[in-house]
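Below is one structure; the comments refer to it alone.
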Amino acid sequence: MSVATSTILHLDLDAFFCAVEENRRPDLRGRAFAVGGRPGERGVVSSCSYAARQFGVRSAMPTSQAIRLCPGLLVIPGSHHLYGEMSRRVMVRLKELTSQVEQISIDEAFLDITGLLANPKDIARSLQSSIRADLGLPSSIGIASNKLVAKIATEVGKKAATGGQPPCALTIVPAGEEAAFLAPLPVEMLWGVGPKSAAKLAGVGIRTIGDVAKWPESNLVDLFGENGRDLGRHARGEDRRPISTEREAKSMSQETTFAHDVRDDKTMERTVRRLAYEVSGYLRQSGLAGSTIRLKIRWPDFTTLTRQTTLEHPTDEESEIARVALNLMQAVRRPGQAVRLVGVGVSGLGFPIRQLKLWGADSDRSRRLLSAIDELRDRYGEHVIRRGEP
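Just so we're aligned, residue 16 is where the sequence shown starts under this note's numbering, counting upward by one.
Listed below in structure tokens is the structure:
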């Protein structure tokens with residue numbers, strides 16, 4: 016008895032943050048620019064345009080290094096509330112096609128299109144065209160019989176593109192050809208293989224995914240324990256994981272590493288409040304709230320502490336998150352003590368639940384005010400409006 020073959024589509028928005036910024040600022044199109052932190056603040060590149068990539072600029076690269084590679088690089092701050100809204104609109108579009116959608120990041124999702132009558136290639140091209148025409152966002156797509164191969168197919172398509180424009184790639188791996196498609200690819204493209212694993216595999220002469228597939232499972236188990244079995248299966252293009260339409264977020268956090276160790280108490284307070292604002296914005300954009308507030312702090316000698324407090328109710332409000340985080344900081348940091356890094360996080364996520372006494376006109380006004388502030392900050396920058404300091 017034959018087993019029905021699934022058809023999984025993986026969609027990845029090309030240079031998503033940059034594409035959103037180009038829609039808002041058409042003057043950025045064709046320019047080498049990046050979304051990220053300032054070079055003097057130990058910033059990193061969150062996303063970079065394809066024109067910038069021509070100079071070797073990449074995501075997660077220190078901004079200072081990116082500017083050395085591309086001296087004319089324009090670095091702009093992120094508009095994360097806007098990115099969240101555009102991501103939501105894309106996901107709505109995908110769910111109009113099929114209910115079997117698994118969002119895996121702000122700019123990526125899997126779709127199970129097995130039961131759709133149209134040809135997968137036609138579905139993909141129509142999806143790319145509509146997202147580009149209606150939302151102004153380019154995307155690349157991989158299609159295969161499972162999630163692992165579909166995602167790698169997208170990566171292969173994007174890497175094959177040349178020039179300073181979004182790839183808008185479409186790569187299809189026919190059922191039964193998974194292992195042959197993967198075989199010549201570098202082993203680093205396989206899920207679960209990081210730099211250390213790749214070095215260990217290279218030490219025994221394994222450099223491609225095909226090399227892994229040829230190795231006896233027992234040898235892989237000797238190298239990597241039980242994870243070696245999964246590595247062998249993945250190298251053969253086997254992946255039985257279904258689409259998961261419920262993806263639970265466990266936590267949301269933001270942190271900053273200072274360009275120079277900070278001793279000033281007011282600077283520390285402002286930084287914690289800014290991080291609380293960013294986290295609360297992400298929570299509201301996602302329709303979530305959390306009950307556990309966490310502070311992360313790193314001293315100049317790289318000693319790192321985390322402290323947390325669990326509230327009686329979930330919250331998504333900037334002022335409450337900031338208040339708790341500041342109390343945690345005061346409990347572990349002496350006035351004037353130097354700090355290298357500070358972070359604020361919220362976990363125990365779920366839907367916002369308001370206490371009954373908070374419902375009513377005052378609560379509604381508060382929610383509308385927060386939404387209006389989010390919109391203003393997205394449009395004009397995070398400093399357009401802020402709380403007065405005590």
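Note that beta-carbon positions come from the ideal geometry of N, C-alpha and C, so glycine has one too.
Cβ distance (whole Å) where residue i is taken to contact residue j below 8 Å
i, j, result
"K173", "S160", "Rounded, the Cβ-Cβ distance is 20 Å, inconsistent with contact."
"F48", "L89", "4 Å"
"V287", "M344", "6 Å"
"G207", "N242", "7 Å"
Simplified DSSP assignment, three categories, for residue i
i, result
"A47", "coil"
"V208", "coil"
"P15", "The structure shown does not extend to residue 15, since the chain spans only 16 to 405, so no value can be given for it."
"R322", "strand"
"Q370", "For Q370, the pLDDT reaches just 35, beneath the cut-off of 50, and the residue's location in the model is therefore unreliable, although a value from the coordinates is still provided. Coil."
"S295", "helix"
"T282", "helix"
"A353", "coil"
"R222", "coil"
"S301", "helix"
"I308", "strand"
"I119", "strand"
"D254", "coil"
"E332", "coil"
"S266", "strand"
"E327", "strand"
"L406", "Here the chain has residues from 16 to 405 only, and residue 406 is not among them."
"G243", "helix"
"S114", "coil"
"S233", "helix"
"D377", "Residue placement at D377 is flagged as unreliable, the pLDDT there being 42, under the threshold of 50; the coordinate-derived value follows with that caveat. Here D377 sits in helix by DSSP."
Residue i, buried or exposed, once every other Cβ within 10 Å from all chains shown has been counted against 16
i, result
"H328", "exposed"
"D279", "exposed"
"K166", "buried"
"K372", "Confidence at K372 is low in this model, with a pLDDT of 32, below 50, so the placement of that residue should be treated as unreliable; the coordinate-derived value is given next. Classification for K372: exposed."
"T321", "exposed"
"P223", "First, the residue type needs correcting, since residue 223 is Thr and not Pro in the sequence shown. Its Cβ being crowded by 16 or more others within 10 Å, T223 is buried."
"T325", "exposed"
"I368", "Here I368 scores only 45 on pLDDT, less than 50, and its place in the model should not be relied on; the value that follows carries that caveat. Result: exposed."
"D42", "exposed"
"G71", "exposed"
"V347", "exposed"
"E36", "buried"
"T22", "buried"
"S141", "exposed"
"L132", "exposed"
"V3", "In the structure displayed, the chain extends from 16 to 405; residue 3 sits before or after that span and is not available."
"T169", "buried"
"H275", "exposed"
"K11", "Because residue 11 is not part of the residues shown, which for the chain are 16 to 405, the question remains open."
"G45", "exposed"
"P153", "buried"
"G51", "buried"
Residue i beta carbon near the ligand SAM (any heavy atom closer than 7 Å)
i, result
"I224", "The model depicted lacks the ligand SAM and carries no ligand whatsoever."
> Taking the runs of the beta strand (DSSP E) that are 3 residues or longer, which of them lie wholly in the stretch 134-211?
Replying inline: 154-159, 185-187
>> Across the stretch 169-188 and the stretch 227-236, are there enough close Cβ pairs to call them in contact, namely three or more that are closer than 8 Å?
In response: no
> With contact counted as at least three CB pairs below 8 Å, one residue from each stretch, are the stretch 297-305 and the stretch 349-364 in contact?
Replying inline: yes
>> My parser needs the beta strand (DSSP E) runs of 3 or more residues fully inside the stretch 18-101; what are they?
In response: 23-28, 48-51, 60-63, 89-91
> For the 8 Å Cβ check, are there 3 or more pairs between the stretch 308-323 and the stretch 339-359?
Replying inline: yes
>> Using 8 Å as the cut-off, can you tell me whether the stretch 235-252 makes contact with the stretch 193-206, which would need three or more C-beta pairs spanning the two stretches below that distance?
In response: yes
>> If contact is defined by three or more beta carbon pairs under 8 Å, each pair taking one atom from either stretch, is the stretch 209-219 in contact with the stretch 116-125?
In response: no
>> Quick test of the definition: if touching needs 3 or more C-beta pairs under 8 Å, does the stretch 91-100 touch the stretch 64-78?
In response: no
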